[in-house]
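Working notes for the structure below.
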Amino acid sequence: MFKITPNPPNKPDQKLHQAAQRAIDHYLNPGTDAETVPETTALFSVTSGVSSEILIANSYETVSSVSALLLDLSDELIGKDRDVALAIHQLSELSVLLIGKLMDRETPRA
């Protein structure tokens, strides 16, 4: 007779086991996991001690680069694709203006 549902996997799920172990450790050994730094799956992260000035300056440079790339890309496109690229470019230019105003407000020039 044909069985409709497949058999469950033979090996236990490692992630489930690790999650259960963390839960047990949390309640039975509360002092042990306080010192450990949790693993992150993020590929990129921002250092916690970075000043606002550095964050604003890097944001400004990043958005300016996106704007320049979009403008170069729009030269290669025609029709509706060009219109979309130019619309995105305009939005990125507005972002550059906003970040520039924030930069002037947070870090006034002497």
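Just so it is clear: in the sequence shown, position 20 is 133 by this note's numbering, and no numbers are missing. Just so it is clear, CB atoms sit at the ideal spot from N, CA and C, and this is done for glycine as well.
As assigned by DSSP and simplified to three states, the class of residue i
i, result
"A155", "coil"
"K124", "coil"
"G162", "coil"
Distance CB(residue i)-CB(residue j) smaller than 8 Å
i, j, result
"A200", "L186", "no"
"S205", "L190", "no"
"A170", "M216", "yes"
"V163", "I212", "no"
Per-residue burial, residue i [other beta carbons within 10 Å of its own, 16 or more giving buried]
i, result
"S165", "exposed"
"V209", "buried"
"H130", "exposed"
"H139", "exposed"
For residue i, the first and last residue of its enclosing alpha helix (DSSP H)
i, result
"N171", "165 to 189"
"R135", "127 to 141"
"I201", "192 to 219"
Below-8 Å beta-carbon distance, residue i vs any chain D residue
i, result
"V197", "Checking the listed chains, one finds no chain D in this structure; it contains a single protein chain."
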